[in-house]
Amino acid sequence: MVIGSSGQIGSELVLALRKIYGDENVYATDIKYPPKEVGRSGPFQILDVLDFNNLLHFLVRYKITQVYNLAAVLSGNAEKIPLQAWDINMKALMNTLEAAHQSDAKKLFWPSSIAVFGPTTPRENTPQLTVMEPNTVYGISKVAGERWGEYYHHRYGVDFRSVRYPGLISYKTEPGGGTTDYAVEIFFSAVKQGSYECFLSEDTALPMMFMDDAIANTIRLMQYDDDKLSLRSAYNMAGISFTPEQLAQEIRKHIPEFKITYKPDFRQAIADSWPKSIDDSTARNDWGVKTEYDLEKMTTVMLEKVKEKLQ
Ligand code: SER
Numbered sequence: 015m016v017i018g019s020s021g022q023i024g025s026e027l028v029l030a031l032r033k034i035y036g037d038e039n040v041y042a043t044d045i046k047y048p049p050k051e052v053g054r055s056g057p058f059q060i061l062d063v064l065d066f067n068n069l070l071h072f073l074v075r076y077k078i079t080q081v082y083n084l085a086a087v088l089s090g091n092a093e094k095i096p097l098q099a100w101d102i103n104m105k106a107l108m109n110t111l112e113a114a115h116q117s118d119a120k121k122l123f124w125p126s127s128i129a130v131f132g133p134t135t136p137r138e139n140t141p142q143l144t145v146m147e148p149n150t151v152y153g154i155s156k157v158a159g160e161r162w163g164e165y166y167h168h169r170y171g172v173d174f175r176s177v178r179y180p181g182l183i184s185y186k187t188e189p190g191g192g193t194t195d196y197a198v199e200i201f202f203s204a205v206k207q208g209s210y211e212c213f214l215s216e217d218t219a220l221p222m223m224f225m226d227d228a229i230a231n232t233i234r235l236m237q238y239d240d241d242k243l244s245l246r247s248a249y250n251m252a253g254i255s256f257t258p259e260q261l262a263q264e265i266r267k268h269i270p271e272f273k274i275t276y277k278p279d280f281r282q283a284i285a286d287s288w289p290k291s292i293d294d295s296t297a298r299n300d301w302g303v304k305t306e307y308d309l310e311k312m313t314t315v316m317l318e319k320v321k322e323k324l325q
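If you want this note's numbering, it's the position in the sequence shown, counting the first as 1, plus 14.
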């Protein structure tokens, strides 16, 4: 079962899981209707993860064994509605943890984020174990979530697994309200109008990952042997690190007249508190995290796919 199947990650994860496990065996759920491909290829149901009784009923009724819970308010949006975002992000997680404990849906994936780090964290090659003092609502909810996931694993045997996603870049479903969203918007804007006004400054380096890599790694972690996982909070995942200016230069190799201007907004402060690059050696050693797309390959595919989509 995928919760949040209409979102940026969920809409692609559902299709990947259906290829592996069969269309009928992957239940897509969300509070809004999904993209056509998700709705047509297998079961979809409107379901609000904040409603605990309905969630538990769904897990039991459909004999769910694994849950991917992707429902969350992202970093930028969360700063606009702090208390509401905290309630939604934490309740969405706590409901799935408790429902996993009370049902047979014992295997649970929930994404953490580079947002767990804060201004006091070393920003280059950020280690797995380090200072974590996030100063955003989203980041605080992710640190708390990691702790609760580990707690439910040790205390109740819930098979909780998580990664700290870098910024995710995709063309099928756009993200909404994140700090790393510029790296998606830039492609649509480059293809549509040949220019982009970036809400982060030109030298803001952040770790990113192409969606295909994110999905492959997520499934890899979920399929890995239980006893080979040395930690039950969330694994660092490095991806590729670049600045808006480096991305713009890469885009110019395909669209030479592409222009970028910079007008940093409130998200600049969020980006400045996050790592520039990540050390994911623990994930590499434990379950073989991999990145197949570098900046060049990702840019080529993004431009090609965004062009197709806009036509
Ligand atoms: N990409 C997310 C955001 O920018 C971080 O997990 O909010």
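Here a beta-carbon is modelled for each residue, glycine too, at the ideal position from N, C-alpha and C.
Please read these numbers as outputs of a predicted model, since none were measured by experiment.
Item                                                                            : Value
Terminal residues of the beta strand (DSSP E) in which G181 lies                : 181-183
Identified DSSP bridge partners for M316                                        : Beta-bridge pairing links M316 to no other residue.
Residue of A99, Y35, L243, P278 minimising C-alpha distance to S155             : A99
Coil, strand or helix - Q22 by DSSP                                             : coil
Candidates S295, I45, E271, S247, of which the one nearest A206 by Cα           : Rather than Ala, the amino acid found at residue 206 in this sequence is Lys. That would be E271, whose Cα lies nearest to the Cα of K206.
C-alpha distance - M15 paired with L64, whole-angstrom precision                : 16 Å
For Y210 and E216, the rounded distance between their alpha carbons             : 12 Å
Euclidean distance between Cα positions of F174 and S203                        : 38 Å
beta-carbon T110 near the ligand SER non-hydrogen atom, thresh 6 Å              : no
CB of G181 within 7 Å of CB of L235, strictly                                   : no
Rounded straight-line distance, which links the Cα of K321 to that of K186      : 12 Å
S55 beta carbon less than 7 Å from that of T150                                 : no
heavy atom of the ligand SER below 6 Å from S89 C-beta                          : yes
T140 beta carbon near the ligand SER (any heavy atom closer than 6 Å)           : no
Delimiting residues of the beta strand (DSSP E) encompassing S255               : 254-256
Start-to-end residues for the alpha helix (DSSP H) that takes in D226           : 225-237
Given N83 as reference, the closest of A42, K46, Y47 once Cα atoms are compared : A42
Three-state secondary structure assigned by DSSP to V28                         : helix
Check: G192 C-beta below 6 Å from any heavy atom of the ligand SER              : yes
For N39, the nearest candidate out of G53, K319, R178, I78 (CA to CA)           : I78
Which residues DSSP lists as bridging R175, in chain order                      : F123
Host alpha helix (DSSP H) of F58 (start-end)                                    : Per DSSP, F58 belongs to no alpha helix (DSSP H); it is in the beta strand (DSSP E), 58-60.
Start-to-end residues for the beta strand (DSSP E) that takes in D44            : 42-44
Coarse secondary structure for E306, derived from DSSP in three states          : coil
C-beta atoms of V177 and A248 nearer than 7 Å                                   : yes
Bridge partners - Y249, DSSP secondary structure assignment                     : V177
Contact test: S127 Cβ vs the ligand SER heavy atom, cutoff 6 Å                  : yes
Contact belief for A119 with V81 at Cβ below 8 Å, rounded distance in angstroms : 5 Å
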